Amino acid sequence: MFKNFIAGEWLDGARVSRNINPSDTRDLVGEYAQADAAQARLAVASAEAAFPAWSLSTPQQRFDILDAVGSEILARRTEIGDLLAREEGKTLPEAVGEVTRAGHIFKFFAGEALRPGGELLPSVRPGVGVEITREALGVIGIITPWNFPIAIPAWKIAPALAYGNCVVFKPADLVPGSAWVLAEILSRSGLPQGVFNLVMGRGSEVGAVLLEDARVSAVTFTGSVGTGQKVAAACVARMAKFQLEMGGKNPLVVLDDADLDVAVNCAVQSGFYSTGQRCTASSRVIVSEGLQQRFVAAMVEKMKTLKVGNARQAGIDIGPVVDQTQLNQDLDHVRIAQQQGAKLAFGGEALAENEQGQPGFYLRPALITETSPEMRINREEVFGPVVSVQTARDYEHALALANDTPFGLAAGIVTRSLKHATHFKRHSQAGMVMVNLPTAGVDYHVPFGGRKGSSYGSREQGRYAAEFYTVVKTAYTLP
Ligand code: NAD
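Residues in the sequence shown are numbered from 1 upward in steps of one, following UniProt numbering.
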């Protein structure tokens with residue numbers, strides 16, 4: 001039984017959740033304690049008690065702890081990556097890559113702990129000095145989704161601690177394993193008791209405490225739009241700071257002058273890898289008329305070669321969907337697209353088992369063509385290996401189609417035209433823009449986030465993380 005870490009102790013929960021391997025549903029990854037609301041409140045109380053001392057800890061103390069956590073994650077990347085692939089279903093190389101990213105993030109924020117920025121200005125009044133500094137907020141409630149079981153927790157926990165905050169962390173119910181390993185490493189890292197707490201449990205119970213408890217100064221959330229709206233409403237009601245990263249319907253524009261291999265590679269990588277379960281996945285490919293037929297034909301040829309199977313097996317390109325509910329959602333979207341008049345050009349069928357006969361939530365990646373902008377397949381996030389194709393008359397039309405979405409996380413363009421690439425970077429209504437690169441796959445040391453319905457609040461990651469995890473103080477001194 002894997003327990004919760006609250007007030008420096010490993011505690012049993014009120015219930016138990018079973019972590020199932022989506023590549024082979026007969027395989028139980030482990031049983032994990034589920035905290036209830038009272039335990040979540042205990043975690044908040046312990047974080048609140050730890051805050052005064054931790055917020056005054058030295059940059060060296062924070063550097064040493066975060067750096068050591070990063071080193072251990074990197075040293076154990078293969079082992080933790082295997083666990084991550086087993087519980088979430090992304091392929092082993094992708095999972096090891098995610099763990100590596102988590103290690104790098106801890107090391108980046110170890111460095112940031114040593115570099116707290118500030119400003120010293122002369123006052124407009126004679127003899128007075130003005131200092132602008134950043135201070136820790138207090139207790140940060142961290143709520144994360146299932147699709148990046150260690151990288152998203154890392155990019156919230158590491159900056160929270162680096163800037164002197166205490167943490168109550170609630171991972172997604174489907175993937176407690178990687179979160180637990182991260183918590184176990186943090187529990188041995190030298191953090192004072194109460195500075196970091198892990199509370200696994202239901203969103204409606206444990207998550208709700210983090211939204212409603214007045215001792216939680218700020219909530220950082222990544223997940224679906226619906227839950228994000230609940231987070232926002234609860235935080236506004238009690239004037240708590242919050243930050244939301246939510247869904248996407250990311251466009252990839254392919255112009256007539258594109259290198260076809262680059263275009264197919266970008267579309268396959270960011271549409272289907274990680275089983276399409278990435279908020280930055282390009283689920284809409286917008287192709288200009290002249291290349292459309294060749295692009296679709298090349299995509300189908302490439303998709304025939306993609307091997308769907310057990311995430312931990314060598315040579316597999318696409319692992320399973322995370323669970324039955326998500327698989328049903330993916331299949332529904334494929335069906336609805338066809339009902340609305342689109343054509344299924346390839347894939348889209350569930351496979352009850354893989355080539356080894358292991359039962360899992362397998363779906364052959366789907367390419368849907370002959371779609372129009374108002375179809376649900378072009379408006380709603382599927383969150384699976386399902387890509388739609390839209391046809392554009394020219395660059396201007398492609399740009400308009402790309403921006404015709406309530407979301408704005410990532411957008412890409414494949415072109416050899418510097419003019420169009422430059423224009424697209426400026427006029428795309430997305431938080432992150434990629435030229436001749438997949439929309440998924442970003443660096444860990446620069447800001448991450450979107451616009452419109454995809455994100456709310458300040459950016460995550462890189463130095464921009466300080467905006468969320470600190471509060472600015474202006475001090476005036478007359479010596
Ligand atoms: P989800 O909204 O169902 O759950 C996210 C987290 O919120 C989980 O920990 C869940 O337990 C918790 N939660 C649920 N109800 C709650 C409540 N009432 N109060 C407090 N917490 C509650 O999302 P998911 O299915 O885990 O993740 C998939 C979604 O995440 C997709 O929409 C995807 O686009 C999005 N996502 C976005 C980004 C990004 O950076 N923009 C990154 C990854 C995933």
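We put the CB at the ideal spot given by N, CA and C, even for glycine. Quantities reported herein were computed from a predicted structural model and do not represent experimental measurements.
Let me know the secondary structure DSSP gives Ile316 once reduced to three states. Per DSSP, reduced to three states, the secondary structure at Ile316 is coil, with no helix or strand assignment.
Suppose the cutoff is 6 angstroms on Cβ atoms and the five residues either side in sequence are ignored; what does the same chain contact list for Lys156 look like? Ile142, Thr220
For ligand 1, any of its heavy atoms closer than 7 angstroms to the Cβ of Phe361? A distance criterion of 7 angstroms places the beta-carbon of Phe361 beyond contact range of ligand 1, judged by its closest non-hydrogen atom.
Within a Cβ cutoff of 6 angstroms, which residues of the same chain sit near Tyr456, ignoring the five residues on either side of it in sequence? Leu244
Please report the Cβ distance between Phe450 and Gly431, rounded to the nearest whole angstrom; I am assuming they are in contact, meaning their Cβ atoms lie under 8 angstroms. Checking the sequence shown, residue 450 turns out to be Gly, not Phe. So it is a contact: roughly 4 angstroms between Cβ atoms.
What number of angstroms, rounded off, separates the C-alpha of Ile150 from the C-alpha of Val99? 6 angstroms
Taking the C-alpha atoms as reference points, what is the distance between Ala240 and Glu289? 49 angstroms
In the DSSP assignment, what residue or residues form a beta bridge with Trp146? DSSP, once it has assigned bridges, lists no residue as partnering Trp146.
Environment of Asp330 [buried if 16+ CB atoms lie within 10 Å]: Looking at its Cβ environment, which holds 16 or more other Cβ atoms inside 10 Å, Asp330 is buried.
The alpha helix (DSSP H) with Leu11 in it runs from where to where? No alpha helix (DSSP H) contains Leu11, which is instead part of the beta strand (DSSP E) from 9 to 11.
Going by the C-beta, is Cys279 closer than 7 angstroms to any heavy atom of ligand 1? yes
Note down, in chain order, each residue of its chain lying with its Cβ closer than 7 angstroms to the Cβ of Leu478, except the 5 sequence neighbours on either side. Gly127, Val128
Using a Cβ-Cβ cutoff of less than 7 angstroms, which residues in the same chain neighbour Met375 once the five nearest sequence positions on both sides are dropped? If we look at Met375 and ignore the five residues flanking it on each side, its Cβ neighbours are Ala337, Gln340, Ala342.
With DSSP as the reference, label Val471 as helix, strand or coil. Val471 falls in the strand class under three-state DSSP.
Inside the stretch 45 to 107 only - alpha helix (DSSP H) runs reaching at least 4 residues: 59 to 75, 77 to 88
Taking all protein chains shown into account, do 16 or more other C-beta atoms lie within 10 angstroms of the C-beta of Asp332, making it buried, or fewer, making it exposed? exposed
Would you say the beta carbon of Phe109 is closer than 7 angstroms to some non-hydrogen atom of ligand 1? no
Would you list the one or two residues that DSSP bridges to Gln34? Arg15
Just checking my contact of Gly70 with Lys107 at CB under 8 angstroms: how many whole Å lie between their CB atoms? 4 angstroms
Should Thr415 go down as buried or exposed, given a rule of 16 or more other Cβ atoms within 10 Å for buried? buried
Residue environment, Thr474, which counts as buried when at least 16 other CB atoms sit within 10 Å: exposed
Cβ of Asn147 versus every heavy atom of ligand 1: is any distance shorter than 7 angstroms? yes
Helix, strand or coil for Cys278, going by three-state DSSP, please let me know. Per the sequence shown, the amino acid found at residue 278 is Arg instead of Cys. If DSSP states are grouped into helix, strand and coil, Arg278 belongs with coil.
Extract the residue ranges of the alpha helix (DSSP H) inside the stretch 158 to 227, only unbroken runs of 4 or more that lie entirely within it. 176 to 187, 208 to 212
Could you tell me if Tyr476 is buried or exposed, where buried requires 16 or more neighbouring beta carbons within 10 angstroms of its beta carbon? Around the CB of Tyr476, fewer than 16 other CB atoms lie within 10 Å, so the residue is classed as exposed.
Beta-carbon proximity check, Pro359 vs Arg26, cutoff 8 angstroms: yes
Apart from the five residues just before and just after Tyr163, which ones in its own chain have a Cβ nearer than 6 angstroms to its Cβ? The residues are Ala136, Tyr469, Thr470.
Please indicate yes or no: does the CB of Pro171 lie closer than 7 angstroms to some heavy atom of ligand 1? yes
CB contact flag (Val435, Ile132, <8 angstroms): no
Glu205, buried or exposed, once every other Cβ within 10 Å from all chains shown has been counted against 16: Classification for Glu205: buried.
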